[in-house]
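Scroll down for the structure; my scribbles are underneath it.
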Amino acid sequence: MTITCLHPAYLIPVEPANQVLTGHALVMNDSLIEAILPSDEARLRYPDAIHQELPDHALTPGFINLHGHSAMSLLRGLADDLALMDWLNHHIWPAEKAHVSDEFVFDGTSFAMAEMLRGGTTTINDMYFHHTAVARAGIASGMNTVVGCSILEFPTGYAQDATGYLQLAEDAINEYRGQPGIGFTLAPHAPYTVADDTFRKVAAMAADKGVRIHCHIHETNDEVQGSISQYGKRPLARLAELGLLSEQLIAAHMVHTTDEDIALLAKHGVHIAHNPASNLKLASGFARIHAMQQAGINIGIGTDGAASNNKLDMMADTRLAAILAKAQSSDPTAVNAHTALRMATLDGAKALGMADRTGSLTAGKQADVIAIDLSAIETQPVFDPVSHVIYAAGREQVSHVWVRGKALLVNRELQTLDQQALLAKARWWQQRIRPQ
1 MTITCLHPAY
11 LIPVEPANQV
21 LTGHALVMND
31 SLIEAILPSD
41 EARLRYPDAI
51 HQELPDHALT
61 PGFINLHGHS
71 AMSLLRGLAD
81 DLALMDWLNH
91 HIWPAEKAHV
101 SDEFVFDGTS
111 FAMAEMLRGG
121 TTTINDMYFH
131 HTAVARAGIA
141 SGMNTVVGCS
151 ILEFPTGYAQ
161 DATGYLQLAE
171 DAINEYRGQP
181 GIGFTLAPHA
191 PYTVADDTFR
201 KVAAMAADKG
211 VRIHCHIHET
221 NDEVQGSISQ
231 YGKRPLARLA
241 ELGLLSEQLI
251 AAHMVHTTDE
261 DIALLAKHGV
271 HIAHNPASNL
281 KLASGFARIH
291 AMQQAGINIG
301 IGTDGAASNN
311 KLDMMADTRL
321 AAILAKAQSS
331 DPTAVNAHTA
341 LRMATLDGAK
351 ALGMADRTGS
361 LTAGKQADVI
371 AIDLSAIETQ
381 PVFDPVSHVI
391 YAAGREQVSH
401 VWVRGKALLV
411 NRELQTLDQQ
421 ALLAKARWWQ
431 QRIRPQ
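As structure tokens, this is what we get:
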């Protein structure tokens with residue numbers, strides 16, 4: 001049993017809401033948060049513990065990246081400044097067909113996890129191929145990893161048809177079920193790439209396996225109009241008829257929504273993974289985040305993949321989400337700093353069905369904790385540490401990261417991943433994908 005007491009300048013638990021504690025310590029007992037109590041009391045109660053002083057730091061829950069394609073970090077910058085379907089059809093999908101393999105996915109996911117850990121992300125809700133490679137990378141890095149098992153109708157180097165994708169998903173879930181830190185979703189790619197019968201099979205398998213569903217929905221106006229032309233209804237209405245809408249669904253993007261769409265999402269308890277940077281870069285549009293939150297819809301933050309963002313930077317994207325919500329709604333009070341931090345932490349955990357385990361600094365939950373150093377010129381003076389975390393600080397100020405009580409980043413140094421080896425792998429893949 002190892003007990004560590006963290007003594008930050010500011011402790012921001014997220015739960016209870018709108019709270020900032022000073023003069024308090026967080027006590028980690030192996031993988032769990034044992035207590036939050038005044039620092040003086042912690043020193044008396046735990047005299048033999050490791051006491052770590054963080055005198056200029058804000059302690060927050062680790063960020064939960066609610067939508068990503070981690071392995072695509074190896075495709076960062078391959079194709080930019082393009083519309084979504086041009087980007088997919090003429091650049092990304094051909095590159096994936098040529099290069100995606102178990103090795104590619106393990107290397108790319110490991111590389112992404114190094115970037116995410118250095119930016120304070122402790123949980124990734126992924127969506128890609130070669131599911132066991134993603135799981136292995138998560139185990140090696142120590143990150144909480146939700147493996148999204150992609151499902152399509154058309155062949156790739158991973159499977160030939162929907163039946164094949166579903167079988168590979170089932171195999172991976174069965175192999176890694178119960179592995180600490182590893183979870184799964186079924187991830188039908190999008191309404192325009194998945195048929196009705198496959199969606200029904202996904203819903204049945206998800207219920208049988210006790211996993212959630214993770215799907216791109218209403219990302220672009222072209223997607224919505226294409227569905228109206230093909231099916232006579234909007235994608236969300238089609239999915240409702242197929243029985244997909246529920247609290248078990250995480251809808252990535254949801255950029256183009258009518259009031260009726262929002263009512264449908266709220267009625268069924270669907271969660272949204274909001275990806276503001278990717279939505280802007282691909283010119284997909286402006287999601288109605290404030291309106292959806294007012295309707296009671298739970299919304300977390302995602303980065304999407306490094307090929308369409310091009311950073312896996314939850315701090316930058318959470319700031320962007322807050323600022324965009326104000327502009328889109330013409331309401332400067334929309335998505336305030338505390339709300340934005342909750343979206344990046346606890347609301348992401350709720351979407352994944354993990355709010356009982358992570359997402360806030362609460363006794364009994366996993367010790368998924370990050371320390372953000374606010375001593376720099378850019379984050380002084382400190383009138384409101386939550387404001388600084390959302391609006392002023394950058395990911396380079398994340399000094400320490402603990403996942404399930406294990407230190408994965410210490411004074412900006414990765415503890416479980418070899419940074420130089422990862423960089424060498426990235427250079428090797430660069431030459432293979434596009435020789436210079």
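All residue numbers for the sequence shown refer to UniProt numbering, where the first residue is 1 and numbers rise by one. Cβ atoms here follow ideal geometry from the backbone N, Cα and C, with glycine treated the same way.
With distance defined between alpha-carbon atoms, name the residue in the options nearest to residue i.
i	options	result
Ala137	Leu341, Pro332, Ile182 and Arg434	Ile182
Ile289	Ala325, His268 and Ala277	Ala325
Leu244	His99, Asp48, Lys233 and Val202	Val202
Lys350	His51, Ile272 and Ala49	Ile272
Ile50	Ile173, Asn29 and Ile36	Asn29
Ser101	Leu84, Tyr158 and Asp48	Tyr158
Leu312	Ile262, Glu219, Thr121 and His214	Thr121
Ile213	Leu352, Ala337 and Ala363	Leu352
Gly394	Ala112, Glu378, Asp356 and Asp384	Glu378
Ile64	Met354, Cys215 and Pro180	Met354
Leu265	Arg357, Ala295 and Leu242	Ala295
Tyr46	Phe383, Phe154 and Ile3	Ile3
Val14	Gly164, Thr156, Leu242 and Ser360	Ser360
Arg357	Asp56, His57, His69 and Pro180	Pro180
Which residue comes first and which comes last in the alpha helix (DSSP H) that contains residue i?
i	result
Ser329	Met314 to Ser329
Asp56	Looking at the DSSP string, Asp56 is not in any alpha helix (DSSP H); the run it does join, the beta strand (DSSP E), is Ile50 to Pro61.
Ile289	Ile289 to Gln294
Arg357	No alpha helix (DSSP H) holds Arg357; DSSP gives it neither H nor E.
Pro47	Unbroken run through Pro47: none, as it is neither H nor E.
Met85	Leu84 to Trp87
Leu265	Asp259 to His268
Met116	Asp102 to Arg118
Ala140	His131 to Ser141
Lys433	In the sequence under discussion, the amino acid at residue 433 is Ile, which differs from the Lys named in the question. That run of the alpha helix (DSSP H) goes Gln419 to Ile433.
Lys350	Leu346 to Ala351
Asp126	Per DSSP, Asp126 belongs to no alpha helix (DSSP H); it is in the beta strand (DSSP E), Thr121 to Asp126.
What's the C-alpha gap between residue i and residue j?
i	j	result
Tyr176	Ser73	24 Å
Asp347	Ala237	25 Å
Ile301	Asn275	6 Å
Tyr231	Gly142	44 Å
Val410	Trp429	28 Å
His67	Lys281	16 Å
Leu11	Thr60	7 Å
Thr145	Thr123	6 Å
Ala98	Leu423	22 Å
Gln293	His189	25 Å
Ala185	His253	Looking at the sequence shown, residue 185 is not Ala but Thr. Going by the C-alpha atoms only, they are around 17 Å apart.
Val134	Val194	22 Å
Phe129	Pro94	15 Å
Val386	Val20	8 Å
Ala114	Leu417	7 Å
Gly42	Asp107	Checking the sequence shown, residue 42 turns out to be Ala, not Gly. Each residue's Cα considered, the two are about 41 Å apart.
Lys425	Leu37	44 Å
Leu166	Ala83	29 Å
Ala240	Gln397	43 Å
Ser227	Asp86	18 Å
Val255	Met1	47 Å
Ile370	Ser399	8 Å
Asn221	Thr257	10 Å
residue 459	Ala140	With the chain covering 1 to 436 only, the question about residue 459 has no answer from this structure.
Val105	Cys149	13 Å
Met127	Ala187	6 Å
Excluding the five sequence neighbours on either side, which residues of its own chain have a C-beta within less than 7 Å of the C-beta of residue i, listed in chain order?
i	result
Asn310	Arg76 and Gly77
Ser39	His7, Gly23, His24 and Ala25
Ser31	Gln366, Ala367, Arg404 and Gly405
Ile92	Leu75, Ala79 and Ala307
Ile390	Thr318, Arg319, Ala322, Ala337, Ala340 and Leu341
Ala363	Ile33, Glu34, Ala35 and Ile36
Less than 8 Å between C-beta atoms, sequence neighbours within five positions excluded: which residues of the same chain meet that for residue i?
i	result
Asn89	none
Gly178	none
The beta strand (DSSP E) with residue i in it runs from where to where?
i	result
Asp161	Counting along the chain, Asp161 falls outside any beta strand (DSSP E), and DSSP gives it neither H nor E.
Val398	Val398 to Val403
Ser150	Asn144 to Ile151
Ala9	Ile3 to Leu11
Ala35	Leu32 to Pro38
Met28	His24 to Asn29
Lys406	Lys406 to Val410
Val369	Val369 to Asp373
Between residue i and chain B, is there a C-beta pair that is closer than 7 Å?
i	result
Lys425	This model lacks chain B altogether, as it is built from one protein chain only.
Here's a check: name, in chain order, each residue in its chain whose Cβ is nearer than 6 Å to the Cβ of residue i, leaving out the five neighbours to either side.
i	result
Ser278	Asp304, Ser308 and Asn309
Val270	Leu245, Leu249 and Ala251
Ser329	His290
Leu408	Leu117, Gly142, Val401, Gln415 and Thr416
Phe286	Gln328
Phe383	none
Every unbroken beta strand (DSSP E) within the segment 212-283, with a cutoff of 3 residues, ordered by chain: Taking only runs of at least 3 residues, the beta strand (DSSP E) segments lying wholly in the segment 212-283 are 212-217, 249-253 and 271-274.
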